[in-house]
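Report on one structure; see the data block that follows.
Numbering (the working numbering), first residue to last: 16 to 142.
Right under this line is the structure:
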């Protein structure tokens with residue numbers, strides 16, 4: 016797949032944590048990072064091409080079950096109320112994607128499920 020500026024990518028870092036970011040630049044020079052993203056992941060914006068798992072023009076195509084989604088589910092009625100959601104099943108995920116693609120809901124943010132443990136402060140044992 017050819018990467019282009021403006022695409023969204025799901026990629027992993029050297030520890031296996033996954034992130035979703037938007038490409039700001041694709042580098043064709045050898046020896047440098049293959050792509051650059053709009054927000055840091057592990058304090059860097061450069062991403063090696065071998066670490067890119069998936070790239071899409073529509074961010075909803077990158078979503079997976081158990082990703083933490085921040086969604087404005089009431090944009091017309093209440094606007095600005097962001098609700099956290101996790102689709103535990105493929106059926107739930109497809110329902111969320113359908114609502115996002117038809118404009119009923121607006122995606123405001125996403126945390127890849129592989130990265131949730133790194134950003135969460137657990138009190139006691141994790142489950």
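Just so it is clear, CB atoms sit at the ideal spot from N, CA and C, and this is done for glycine as well. All of these numbers come straight from a predicted model, not from anything done at the bench.
Query: Start and end residues, beta strand (DSSP E) containing residue 37; Result: 33-41
Query: Meets three-Cβ-pair contact criterion under 8 Å: the segment 42-62 and the segment 84-99; Result: no
Query: Simplified DSSP state of residue 76, which is helix, strand or coil; Result: helix
Query: Environment of residue 96 [buried if 16+ CB atoms lie within 10 Å]; Result: exposed
Query: Residue 33 beta carbon less than 8 Å from that of residue 25; Result: yes
Query: Residue 36 burial status per 10 Å Cβ neighbour count (16 or more: buried); Result: buried
Query: Same chain, Cβ closer than 6 Å to residue 23, five either side skipped, listed in chain order; Result: 37, 71, 74, 77
Query: Minimum C-alpha distance to residue 62 - residue among 50, 69, 17; Result: 50
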